[in-house]
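Chains as they are written, first to last, in my numbering: chain D, 1 to 378; chain G, 379 to 738.
Yeah, the Cβ is synthetic: ideal placement off N, Cα and C, and Gly gets one too.
The next block holds one structure in the form of structure tokens; read it before the comments.
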Amino acid sequence: MEPDMRAQGETGEAGQVLVSGKESHFPVVPPRILLTDQEGTYGASEGESLNPEGESILKDLRETSQVRIHRSERLFQGTLRIGGLFVLALFATVLGVSIVEAWPSIEKFGWSFLWTSTWNPHRQIFGAWTYIVGTFWVTGIALLFAIPIAILSSLFLSDYSPKWLVGGVSTLMEMLAGIPSIVFGAFGIIFMVPLLRDHVEPFLSDTLGKHWDFFNGDSMGYGILAAGLVVGIMVIPLVATVTRDSLVMVPRETVEAAYALGSTKAETVFFVKLPAVVPGITGAVILGFGRAIGETMAVLLLIGNQASIPTSIQDVGYTISSLLANTFTYAVIDPLYAAAEIELGLILLVISLVVNTLGRELLMKLMGGRLAGSVGGG
Amino acid sequence: MNIVKVTAGFAAALAVVSVLSGVGTARATDLTISGSTMLFPLEQVWANAYMKSHPGVHISVASTGSGFGISNAANGNITIGASDAYLTKDLRKRYGSLASIPVAFDDTQVIYNIPGVHKSQLIRMDGPTLARIFMGKIRFWDDKAIRAINPHVRFPHRRIKVIHRADASGTTFVFTDYLSQTSKEWYEEIGRDLSPSWPVGSGYNGSDAVVAAVMATPGAIGYVGLGWINEYHLSSMALKNLDGYYVVGSVKTIRNAGFAALHDPTFPDDFNRTIVWNLHGKDVYPDANFEFWMVSTDLPHSTMKEVKKMLVWALTKGQQEKYTVKTGFAPLPFAPLKPRLNKILNRLLPGNTMKIETGG
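And the structure:
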């Protein structure tokens, strides 16, 4: 009966393997040895192979099921791995290709590329300064415009607005975030530009402009102000949504404690709730920054695309992304020109990468990861 | 540079695929034309008319910019590259296989928006003054340099707002060519380019945007091609030509420029010279240019045959006013062009003399 016993034990083992694979604590005989056993290499196992037919059927069964499990398991794992690695590879490719293609420019200009303000394809001199400054101008104006409005609107929605309005306004906010930027660009041209040209900018020149040149100018309508305001409109929904989400998460106990201590509603909102969500707002602002800095189409239509460093709020300017959009198809006919433009793209990539990571990390850390859903960004 | 080329090629292929995918029938020949945004409307009407009269041939047209057209015609991604600019020395060195064939006439004209000056009032302009305006050295409309050329016009004391193209453009090339040839300052500081580094002003993407910006901005000055002048009924400035005449751009005056160039025995056979400024005559517009098709001489024999057929059609029947003038171009002056065109066409497909018979 020895062989039968053995066979039973082995069946049991096979069952274990079926369930938990490698984690089996039984002294499983590796299939390899069983195979060699079948060939009768070991003298010691001769006695066991008294009933070779039954044993081999069992072995076959075991092997096939094991192999099948292994295969499907591995296939599934492999598929998942491909998905995961693809994202990594994609990122590495984008970064790698950009660096390789930008290399002629990186090599020739070095770090001085960053603070050189001449951009002259004709003389083969390239410097990013003008475009970096323009990019930060637009982003700065956008954030200055967007942050107060976003915070006010989210405070209103979380504490003061009638219930029926909350749903409507939140939905509108989300829709606003989904509108393609070219639509905002067109809106800027037909609404914002004439408004700025005929009313806002002459007003600025006549009032603040009398004292500070910074507000004086030609009243073109087009320029960093128009571009910044429109990008600001695009950033509002992002900042407002994240801020509102963090306001909702302020513990009820905290708020009730404030009321219990005799605070008015305004005091509670301003001195208790608002400070509690400062980290959330900071994260939202950083994400908004990431959104604003890469905005292309709306900016291209409105900024006036002039490679000069703005000295006034009414000046025209140029951003990295709009320069690429305007001239990249032409730049490809000259290797150094193309390399310089790709290096500009690389700068933008690095800035938005750093900023987005920072914003995300901050939000995750301070809000305990509960905001993960709304930190998608644009 | 390689990956850039591949990417550009991929973009071209995508453009082509997206055009092709709309058509399901089997075709014998596919030609792809891509490049100059200026030439694009004309190419569209040509392609439609040609496909109607030549069943079996399919032409897809895309507007991607002259630079793209030149580089992709050279590496074979597209059959024909359309360009507003001729092949300069640099480009000829880089893309030795390309032959440029003039297919239409165009120009660049200066448009303006001066409050208080009526549209019907003719405004004259010469090269040096125009260059100084676009360099930001003349800042007001009532500057004495402008008044000196236009003693009959009362200009307001208003800031001049320079409007230029932001994208790389053949229109810009022709415009800066005029400035380079007439103004030493411009030539030394900025030069002629599809996308120069503009000292002042504001840039817009495409001629339509330039027209819109000039019309919307009081005090603006800008430049666009003949097609836009006709389409939007704009008035443009009369530019001073080599012989001192002030000429307004029109189909007639830019054709005169073509005649003048082609009758000039020193004009090169491969058209690698500008026809801006350096021409004599009373009614010769000083800022006209040929629009080109770039064809690589390395194309496979069978494709080349079709390309040549299409070329000959475009240069003869395609020059009719219903195609050219309607889309904003002037027809090529045919008779003086013929011997030179024959030479180019025979370079493309040697040993087979093409017979170009009649013009538009």
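query                                                                                                                                                                                        : result
What first and last residue would you give for the beta strand (DSSP E) that runs through A713 of chain G?                                                                                   : A713 of chain G -> not in any beta strand (DSSP E); alpha helix (DSSP H) instead, spanning 712-726.
Counting Cβ pairs closer than 8 Å, one from the stretch 183-195 of chain D and one from the stretch 214-230 of chain D, do we hit at least three?                                            : yes
Can G505 of chain G and K618 of chain G be called in contact, C-beta distance under 8 Å?                                                                                                     : yes
Quick check: what's the CA-CA separation for I411 of chain G versus D206 of chain D?                                                                                                         : 53 Å
Figure out for me which residue from G:K471, G:I516, G:G605, G:S558 has the closest Cα to the Cα of Q487 of chain G.                                                                         : G:G605
Closer than 7 Å by beta-carbon distance: list the chain D residues that pair up with S414 of chain G, in chain order.                                                                        : Correct list: empty, because the minimum Cβ distance to chain D is about 11 Å.
I want to know whether the stretch 462-478 of chain G touches the stretch 651-669 of chain G - three or more CB-CB distances under 8 Å.                                                      : yes
Can you give me, in chain order, the residues of the stretch 554-583 of chain G that have a beta carbon less than 9 Å from any beta carbon in chain D?                                       : I568, G569, R570, D571, L572, S573, P574, S575, W576, P577, V578, G579, S580, G581, Y582, N583
Helix, strand or coil for R532 of chain G? Go by DSSP, reduced to three states.                                                                                                              : coil
Rounded to whole angstroms, what is the Cα-Cα separation between G47 of chain D and G84 of chain D?                                                                                          : At G47 of chain D the pLDDT is 48, less than 50, meaning the model places this residue with poor confidence; the figure from the coordinates comes in the next sentence. Their Cα atoms are separated by approximately 51 Å.
Report the residue ranges of all beta strand (DSSP E) runs contained in full by the stretch 584-630 of chain G; include only those spanning at least 3 residues, in chain order.             : 598-603, 616-618
Between T415 of chain G and I132 of chain D, what straight-line distance do the alpha-carbon atoms span, to the nearest angstrom?                                                            : 29 Å
Under a Cβ-count criterion, where at least 16 other Cβ atoms within 10 Å of its own Cβ denotes burial, should T135 of chain D be classed as buried or exposed?                               : buried
Cβ of I448 of chain G less than 8 Å from any chain D Cβ?                                                                                                                                     : yes
Does A546 of chain G come out as helix, strand or coil in the three-state DSSP assignment?                                                                                                   : coil
Taking C-beta to C-beta, are I106 of chain D and E343 of chain D nearer than 8 Å?                                                                                                            : yes
Going along the chain, which residues of the stretch 283-317 of chain D sit with their C-beta nearer than 7 Å to a C-beta in chain G?                                                        : L300, G304, N305, Q306, A307, V316
Tell me the start and end of each unbroken alpha helix (DSSP H) in the stretch 456-535 of chain G that is at least 4 residues and wholly inside, in chain order.                             : 467-472, 505-512, 522-527
State whether the stretch 576-590 of chain G contacts the stretch 290-310 of chain D, with contact taken as three or more CB pairs (one from each stretch) at a distance under 8 Å.          : yes
Within this structure, are the beta carbons of A177 of chain D and L238 of chain D separated by less than 8 Å?                                                                               : yes
Can you tell me whether E421 of chain G is buried or exposed, with buried defined as 16 or more other CB within 10 angstroms of its CB?                                                      : buried
Just the Cα atoms here: how many angstroms apart are Q124 of chain D and T554 of chain G?                                                                                                    : 18 Å
May I ask which residues mark the beginning and end of the beta strand (DSSP E) holding F670 of chain G?                                                                                     : 666-674
How would you list, in chain order, the residues of chain G whose beta-carbon sits under 9 Å from the beta-carbon of T116 of chain D?                                                        : Per Cβ cutoff of 9 Å: no residues; T116 of chain D is ~13 Å from chain G at best.
Just grab the DSSP bridge partners of Y582 of chain G for me.                                                                                                                                : G:R543
Kindly list the residues whose CB is nearer than 8 Å to the CB of I347 of chain D, restricted to its own chain and excluding five residues on each side of it in sequence; keep chain order. : L114, A128, I132, I320
Would you say P180 of chain D reaches chain G, if we count a Cβ-Cβ gap shorter than 8 Å as a contact?                                                                                        : no
Would you give the residue range spanned by the beta strand (DSSP E) that T652 of chain G belongs to?                                                                                        : Counting along the chain, T652 of chain G falls outside any beta strand (DSSP E), and DSSP gives it neither H nor E.
As an exercise, report each continuous alpha helix (DSSP H) stretch of at least 4 residues that is fully enclosed by the stretch 255-302 of chain D, in chain order.                         : 278-293, 297-302
With 8 Å as the threshold, decide whether the Cβ of D545 of chain G is near any Cβ in chain D.                                                                                               : yes
In whole angstroms, give me the CA-to-CA distance for V602 of chain G and V540 of chain G.                                                                                                   : 13 Å
If I follow the unbroken alpha helix (DSSP H) through S680 of chain G, where does it start and stop?                                                                                         : 679-693
Span of the alpha helix (DSSP H) holding A150 of chain D?                                                                                                                                    : 129-155
Beta-carbon of Y131 of chain D versus every beta-carbon of chain G: anything under 8 Å?                                                                                                      : no
Using DSSP with H/G/I as helix, E/B as strand and the rest coil, what is T415 of chain G?                                                                                                    : coil
Measuring CA to CA, which of G:G445, G:W424, G:G447 is closest to H436 of chain G?                                                                                                           : G:W424
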